[in-house]
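Numbering (full-length UniProt numbering), first residue to last: 1 to 313. Ideal placement from N, C-alpha and C gives every residue a C-beta, glycine not left out. Step one of this worksheet: look at the structure below.
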Amino acid sequence: QLERRFSRQSLTLITDTGHHINIDTNTRHVTVNGKKKELPLLVGGSTRVVRSGAKLLVSTEYGVSMSCDLHHDLCVVDLSEWFHGRTGGLLGPLDTGVSGTLTLPDGTPTRDVTDLARAWRVGHPGSCSESNAPPTDQHPDTQEGKELCRGLYQDFDSPLITCHDEVDYAPYYAMCLEDMSRAKDPEGALCASAALYITECNRRGMEVAMPQGCGHCPLPDGSTLSPGEVQVFDGNSPHSADTVLIVEQASCLQGLQLSQLTDKLDSALNLAGLINNRYSVVGFGGDRFPEPQTYTVDGEIWLGRRALNKAFR
Numbered sequence: 001q002l003e004r005r006f007s008r009q010s011l012t013l014i015t016d017t018g019h020h021i022n023i024d025t026n027t028r029h030v031t032v033n034g035k036k037k038e039l040p041l042l043v044g045g046s047t048r049v050v051r052s053g054a055k056l057l058v059s060t061e062y063g064v065s066m067s068c069d070l071h072h073d074l075c076v077v078d079l080s081e082w083f084h085g086r087t088g089g090l091l092g093p094l095d096t097g098v099s100g101t102l103t104l105p106d107g108t109p110t111r112d113v114t115d116l117a118r119a120w121r122v123g124h125p126g127s128c129s130e131s132n133a134p135p136t137d138q139h140p141d142t143q144e145g146k147e148l149c150r151g152l153y154q155d156f157d158s159p160l161i162t163c164h165d166e167v168d169y170a171p172y173y174a175m176c177l178e179d180m181s182r183a184k185d186p187e188g189a190l191c192a193s194a195a196l197y198i199t200e201c202n203r204r205g206m207e208v209a210m211p212q213g214c215g216h217c218p219l220p221d222g223s224t225l226s227p228g229e230v231q232v233f234d235g236n237s238p239h240s241a242d243t244v245l246i247v248e249q250a251s252c253l254q255g256l257q258l259s260q261l262t263d264k265l266d267s268a269l270n271l272a273g274l275i276n277n278r279y280s281v282v283g284f285g286g287d288r289f290p291e292p293q294t295y296t297v298d299g300e301i302w303l304g305r306r307a308l309n310k311a312f313r
């Protein structure tokens, strides 16, 4: 099991069938071989791409899966035990050792990290930036960052402390310090590191809450609301509804004008004083995806009326 944070806003997967799946974590768009696609998606008959809330899940029939947290720009990759000692790349052979970590594609060992990255580079020439290494000089404001990281991982009142017996915090603490050394938004970098640590804690069966200050909710006036905060608004409260449509993907439903149903539903809600309504579509019972799956339009799972009609096409 591997964990990586991606500083870029996109990630490209190359499948065993030669398809290029690009995931834009900013817009949440998915493209296959350069063509925009909606989810759920089956690529090459063996790779499934689906949405689950704020996470994007990729799974294959041969024991490789990936879960991406689109909010914090982090991905967790799982490999089955069959791949023990049989992989290559920037993360090594996955044999629990360190001797073969810096190995070139031809099996030659190296001590140069830059040579390693160039040797394993995929994609078209010029498609990847080589200026991704963190600066060696300390940022002038890193003392504040160090204190934030220390408080998050080492203070006894930190919400993460309960997981330290299950998951070693040292690599995540080092990641936090590295992020802080180049972060324009120290608090955002702190939350990203914490989210990755909490992800692993949850996988070990430990329920750990995000630190106070992480997980901001945007408000209509442009401000944000942190967990535990309360804000009172004056004036008339908006009246709208969030509706989830659960649709069986049976052959007998093919040809039905479901878009007419959504138009009538939205009109009925408007007459009841509910405006700016949002909709989400969950399908189940299909040949490719028998289990319930959320359908996206333009990478979004909450849709307006017009976008909702696209989900039924």
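Pairing glycine 304 with serine 237, the inter-Cα distance amounts to about 20 angstroms. Burial is judged here by how many other beta carbons sit within 10 angstroms of a residue's own beta carbon; proline 171 has fewer than 16 and is exposed.
Here the alpha carbons of leucine 42 and arginine 51 stand approximately 12 angstroms from one another. The Cβ atoms of isoleucine 21 and cysteine 68 do not sit closer than 8 angstroms to each other. CA-to-CA, the gap between serine 65 and leucine 265 works out to about 38 angstroms.
Note on geometry: alpha-carbon atoms of glutamine 293 and arginine 118 lie some 38 angstroms from one another. Boundaries for methionine 210: no beta strand (DSSP E) harbours it, and the DSSP string shows neither H nor E there. For isoleucine 275, the secondary structure class from DSSP, reduced to helix, strand or coil, is coil. Under DSSP, glutamate 300 takes part in a beta bridge, and its partners are Val297.
DSSP places leucine 41 inside the beta strand (DSSP E), whose first and last residues are 41 to 43. Remark: C-beta atoms of leucine 148 and methionine 175 do not approach each other more closely than 8 angstroms. The beta carbons of aspartate 73 and alanine 241 sit no closer together than 8 angstroms. Within the DSSP bridge table, the entry for threonine 12 names Asn22 as partners.
Three or more Cβ pairs closer than 8 angstroms define a contact, and the stretch 255 to 264 falls short of that threshold against the stretch 220 to 231. The residue from Arg203, Glu291, Leu79 and Arg306 with its alpha-carbon nearest to that of arginine 278 is Arg306. By the C-beta criterion, the stretch 200 to 212 is judged not to be in contact with the stretch 271 to 286, since fewer than 3 inter-stretch pairs fall below 8 angstroms. DSSP places cysteine 68 inside the beta strand (DSSP E), whose first and last residues are 64 to 69. Here phenylalanine 83 carries a helix assignment [DSSP, helix/strand/coil].
Proximity of the stretch 243 to 251 to the stretch 283 to 291 meets the contact definition, three or more beta-carbon pairs being nearer than 8 angstroms.
Taking C-alpha positions only, alanine 311 is separated from histidine 239 by approximately 24 angstroms. Cβ contact annotation for threonine 60 (same chain, cutoff 7 angstroms, sequence separation greater than five): Ser46 and Thr47, in chain order. Taking each of Lys35, Gly88 and Val32 in turn and checking the Cα distance to proline 105, the smallest one comes out for Gly88. Looking only at Leu70, Val297 and Leu57, the smallest Cα-Cα distance to threonine 25 is reached by Leu70. Burial state of tyrosine 197 is buried, judged by a 10 Å Cβ sphere holding 16 or more other Cβ atoms. Listed as beta-bridge partners of aspartate 78 by DSSP are Ser65. With distances taken between CA atoms, arginine 182 lies nearest to Gly145 out of Gly85, Ala268, Asp234 and Gly145. Beta-bridge partners of glutamate 248 (DSSP): Phe284. In the three-state reduction of the DSSP assignment, leucine 57 falls in the strand class, which pools E and B. A distance of 8 angstroms or more separates the beta carbons of leucine 160 and cysteine 75.
Taking serine 259 as the centre and dropping the five residues before and after it, the same chain places the C-beta of Asn309 and Phe312 closer than 6 angstroms to its C-beta, in chain order.
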